[in-house]
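Participant: Residues in the sequence shown are numbered consecutively from 3, following my numbering. Think of the CB as a built atom: it goes at the ideal place given N, C-alpha and C, for glycine as much as any other residue.
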Amino acid sequence: MRTELPKACERGLKRLCIDIVDLYLSHRRGDVPLEEAIEAFEQLRSAGKIKRWRVSNFDVGDMQELIAIENGVSCAANQVLYNLQHRQIEFDLLPWCQKNRIPIMAYSPVGHGRGLLDNGTLRKIAKHHAATPAQIALAWALRQSGVVAIPKASSETHVRDNARSIDIKLTRKDLAELDRELPPPKSEQPLPML
């Protein structure tokens, strides 16, 4: 990891034709000791190759282990699957990250395919807000403190549609209907990964 990560970063910088990455991601924990990974990230940061680093798919135990290590608190975010269909993080990980001021970066915040977006309750709420189901799903994810979302955007129109979700204020009634239709977890569950 000490030699592989810097080489991978250099290749990425060259492909992107840039000198520094704003936020570098460790995609999966893997078999590398966390101490070694953090050391490699911090060396990249000291060398001016990255500004910040983050992890992906870390559960509460992983996060506790991470911040117990020197410079582990420098983690800028934990990227996890989070949307109305995949709410596992709400039981323990989201509150833990909020308490420790580590943002959650929600990937696939509007689900995959048409499954979630065809949900009748989501469509009804979207109609009430003169919005699309995707905008409602995105607004739902963004309503949480400490949550940022990275939705797919394949065109300028798609980007503008996604941005509109920031202005949508879901009501308590909206949220209650969504909770009835797509309930939050009642116990700890493993993190889903796509």
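#1: By a C-beta neighbour count over all protein chains shown, 10 Å radius and 16 as the cutoff for buried, is Arg117 buried or exposed?
#2: Return yes when the C-beta of Lys188 is under 8 angstroms from any heavy atom of the ligand PLP, and no when it is not.
#3: Taking the alpha carbon of Gly148 as the point to measure from, which residue in Ile91, Lys51, Leu18, Gly50 has its own alpha carbon closest?
#4: Report the rounded CA-to-CA distance for Gln146 versus Ala49, giving the unit in angstroms.
#5: Looking only at its own chain, which residues have a Cβ that is under 8 angstroms from the Cβ of Arg56, when we skip the five neighbours before and after it?
#6: Could you check the C-alpha separation between Arg166 and Ala151 for me, to the nearest Å?
#7: Determine the closest residue to Glu38 out of Ala141, Glu72, Ala178, Leu193, with distance taken between C-alpha atoms.
#8: Under 9 angstroms, do Ser96 and Glu183 count as touching if we go by C-beta distance?
#9: Indicate whether Pro111 and Leu144 have their beta-carbon atoms separated by less than 9 angstroms.
#10: Cutting at 6 angstroms between CB atoms, please list the residues of its own chain near Leu180, excluding the five before and the five after it.
Facilitator: Put simply:
#1: Counted from its first residue, the sequence shown places residue 117 at position 115. First, the amino acid is wrong: residue 117 is Gly here, not Arg. Here Gly117 is exposed, its C-beta having fewer than 16 other C-beta atoms within 10 Å.
#2: The ligand content of the structure shown is nil, which means the ligand PLP is not present either.
#3: Within the sequence shown, numbered from 1, the residue matching residue 148 stands at position 146. Out of Ile91, Lys51, Leu18, Gly50, Ile91 has the C-alpha closest to the C-alpha of Gly148.
#4: The residue you call residue 146 lines up with position 144 of the sequence shown. The residue you call residue 49 lines up with position 47 of the sequence shown. Spanning the two alpha carbons is a distance of roughly 35 angstroms.
#5: As a working note, residue 56 is residue 54 in the sequence shown. Closer than 8 angstroms at Cβ, skipping near neighbours: Leu25, Tyr26, Leu27, Ser28, Cys77, Ala78, Ala79, Asn80, Gln81, Met107.
#6: The residue labelled residue 166 in the question sits at position 164 within the sequence shown. The residue labelled residue 151 in the question sits at position 149 within the sequence shown. Going by the C-alpha atoms only, they are around 13 angstroms apart.
#7: By 1-based counting over the sequence shown, the position of residue 38 is 36. Ranked by how close their Cα comes to the Cα of Glu38, the residues Ala141, Glu72, Ala178, Leu193 have Glu72 in first place.
#8: Taking the sequence shown and counting its residues from 1, one reaches residue 96 at position 94. Taking the sequence shown and counting its residues from 1, one reaches residue 183 at position 181. One point to set straight first is that residue 96 is Leu, not Ser, in the sequence displayed. Taking 9 angstroms as the Cβ cut-off, Leu96 and Glu183 do not qualify as a contacting pair.
#9: Residue 111 sits at position 109 when you count from the first residue of the sequence shown. Residue 144 sits at position 142 when you count from the first residue of the sequence shown. Result yes, Cβ atoms of Pro111 and Leu144 sit closer than 9 angstroms.
#10: Position 178 of the sequence shown, counting from 1, holds the residue named residue 180. Closer than 6 angstroms at the Cβ level, and outside the excluded window around Leu180, lies no residue.
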